[in-house]
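J.: For the sequence shown, the tail end lands on 257 under my numbering, and the numbers increase by one without skipping.
Glycine included, every Cβ here is placed at the ideal spot set by N, Cα and C.
A quick note: this is a predicted structure, and the numbers were derived from the prediction, not measured.
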Amino acid sequence: MVTTQVESLFGGDPYHADCPTRRILDRIGDRWTVLVVGILGNGDARFSELRRRIEGISQKMLTQTLRGLERDGLVRRTVYPEVPVRVEYALTDAGRTLLGPLRALQQWSIEHLGHVSAAQAAYDRTD
Numbered sequence: 131m132v133t134t135q136v137e138s139l140f141g142g143d144p145y146h147a148d149c150p151t152r153r154i155l156d157r158i159g160d161r162w163t164v165l166v167v168g169i170l171g172n173g174d175a176r177f178s179e180l181r182r183r184i185e186g187i188s189q190k191m192l193t194q195t196l197r198g199l200e201r202d203g204l205v206r207r208t209v210y211p212e213v214p215v216r217v218e219y220a221l222t223d224a225g226r227t228l229l230g231p232l233r234a235l236q237q238w239s240i241e242h243l244g245h246v247s248a249a250q251a252a253y254d255r256t257d
């Protein structure tokens, strides 16, 4: 593992304002990232398939999310020289390591939906 100067300065402390781990947490904590990684966990997918399966995501947001994940080394973009050109997205080995934690968060949100919804309703009634 290569340690950068920034990592050695902050020791990977996300509570430090300038620590690069904050950018990583921003990326993996983003709702679109969670959904894109979840779909790609089932296999490679084309842009149109991702957009169809993730209801509510705009083309712009999906493009930004995929580019960010690719930049971070979590997603691999493969262009096939065909007519028309075919582009597929897949998780890298690093991206696959996110599947467990993100699926745990998804499962938690499903299991606790009723409790959270009830708490929100109770809170909103007090306003």
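#1: Determine the extent of the beta strand (DSSP E) in which L221 is found, giving its start and end residues.
#2: Ends of the alpha helix (DSSP H) at Y253?
#3: Since I184 and A175 are thought to touch, with beta carbons under 8 angstroms apart, how far apart are those beta carbons, to the nearest angstrom?
#4: Name the residue from V209, T151, L229 and P211 whose alpha carbon lies nearest to the alpha carbon of V166.
#5: Which word fits F199, buried or exposed, when buried means at least 16 other C-beta atoms lie within 10 angstroms of its C-beta?
#6: Over what stretch of residues does the alpha helix (DSSP H) that includes T193 continue unbroken?
#7: Can you grab the Cα-Cα spacing for the pair A252 / V164, in whole Å?
#8: What do you reckon, are the CB atoms on G244 and T222 nearer than 7 angstroms?
#9: Considering only the alpha carbon of each residue, which of Y219, E241 and R157 lies closest to R206?
#10: Take the Cβ of T193 as the centre, count every other Cβ of all protein chains shown within 10 Å, and call the residue buried at 16 or more, exposed below.
#11: From this set, G173, Q237 and W238, which residue's C-alpha is nearest R226's C-alpha?
#12: Can you list, in chain order, the residues of its chain with a C-beta nearer than 8 angstroms to that of V217? Leave out the 5 residues immediately preceding and following it.
T.: A quick look at the data gives this:
#1: Where L221 is concerned, the enclosing beta strand (DSSP E) stretches over R216 to L221.
#2: Bounds of the alpha helix (DSSP H) holding Y253 are L243 to T256.
#3: About 10 angstroms separates the CB atoms of I184 and A175; that is not less than 8 angstroms, and the two are not in contact.
#4: Across the set V209, T151, L229 and P211, the C-alpha of L229 shows the shortest separation from the C-alpha of V166.
#5: In the sequence under discussion, the amino acid at residue 199 is Leu, which differs from the Phe named in the question. Residue environment: L199 is assigned as buried (16 or more neighbouring CB atoms within 10 Å of its CB, all protein chains considered).
#6: Residue range Q189 to R201 is occupied by the alpha helix (DSSP H) that includes T193.
#7: Each residue's alpha carbon lies about 28 angstroms from the other.
#8: Their beta carbons are not under 7 angstroms apart, which means G244 does not touch T222 by this criterion.
#9: Selected option, being the one with the closest Cα: Y219.
#10: Exposed is the call here.
#11: The shortest Cα separation from R226 among G173, Q237 and W238 belongs to G173.
#12: The residues are R176, F177, R207, T208, V209 and Y210.
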